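Numbering (the working numbering), first residue to last: 117 to 454.
Yeah, the Cβ is synthetic: ideal placement off N, Cα and C, and Gly gets one too.
Quick caveat: nothing in here was measured; it's all calculated off a predicted structure.
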């Protein structure tokens, strides 16, 4: 049984017990069918309130982090509750069963405040259950993240000798190449910078965004050496990257994918990379014309890994859109509250 099926089963059990308890309690006290109908209608209205909170208001607040959503959401639910209760108890019951819940002399102010009071249990229950499940989900994600971090650290330790050896060797090759060829020496030092970034940065899994941008630019510069003057990539940055932090190497898979499967030597259709920051929100768009002569058609492994990382690091705080029409491939990543 997966998590969704288990959750549905628990919800069904919970509502069965809740409605059974309230109906049985009132029915044992008074065997009048009117009491039974009023109680059932009340429970069903609480059920509607519960799922409006559970499925709409609080998940939306979790995504936007704006308390006005909760304020207006709860007010809207109270309005829905009052309207539905009036329709059921004062209109439908009167039409079909010949009775209503409130006496004809009930004042409007009393009716409103009484409905606001009776609307609270459904709202409160929805908030409590949502918060409880959200807490459990966060704990599961944290455990998974810790396990994956431990596994990654172990894997890194097993292979640490070779990367350090390669990095030191690159520095040595740079010293040999510098007197011979400035171009070759420059390429080696750029590759050395990439290795240093991968080895020594991001001790806590996050890096300064400016360093991530520098890594991308170094990567593009190394790639440009293969094509010399026939390398067409437009990389634009909008907003201030200083002071912002992101997960390390979170942007490079999108660029790697574009360079691997795109056309880089056509000035009329360059690869476009756009990084935009606004109010601590990051948008990273990469688009490329698809290389129809590409033999390696495998895509998506690196992007799938990135999506998994984002699920753990930015739950409900990111969107990743991928579009393809046979000629053009585009990825759009949005991170909130970086």
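For residue 449, the enclosing beta strand (DSSP E) begins and ends at 444–451.
Uninterrupted beta strand (DSSP E) stretches at least 3 residues long and entirely within the stretch 306–334 occur at 322–324, given in chain order. Here the alpha carbons of residue 291 and residue 301 stand approximately 8 Å from one another.
Rounded to the nearest whole angstrom, the C-alpha separation of residue 235 and residue 162 is 7 Å.
By the neighbour-count definition (other C-beta atoms within 10 Å, threshold 16), residue 233 is an exposed residue.
Exposure of residue 384 is indicated by the presence of fewer than 16 other C-beta atoms within 10 angstroms of its C-beta. If you draw a straight line from the Cα of residue 258 to the Cα of residue 264, it is about 10 Å long.
A direct Cα-Cα distance of roughly 27 Å separates residue 128 from residue 431. Judged by DSSP in its simplified three-state form, residue 245 adopts helix. Per DSSP, the continuous alpha helix (DSSP H) segment holding residue 372 begins and ends at 368–377. Taking C-beta separations shorter than 8 Å and ignoring five residues to either side along the sequence, the partners of residue 338 in its chain run 303, 306, 307 and 310, following chain order. Remark: C-beta atoms of residue 350 and residue 388 approach each other more closely than 7 Å. Comparing alpha-carbon positions, the option among 313, 202, 315 and 375 lying closest to residue 342 turns out to be 375.
Excluding five sequence positions before and after residue 403, the CB atoms of its chain that fall closer than 8 Å to its own CB belong to 374, 387, 388, 444, 445, 446 and 447, given in chain order.
The C-beta separation of residue 363 from residue 322 comes to about 6 Å, placing the pair in contact by the 8 Å criterion.
Counting other Cβ atoms within 10 Å of its Cβ, residue 166 reaches 16 or more and is therefore classed as buried. Taking residue 370 as the centre and dropping the five residues before and after it, the same chain places the C-beta of 402 and 447 closer than 6 Å to its C-beta, in chain order.
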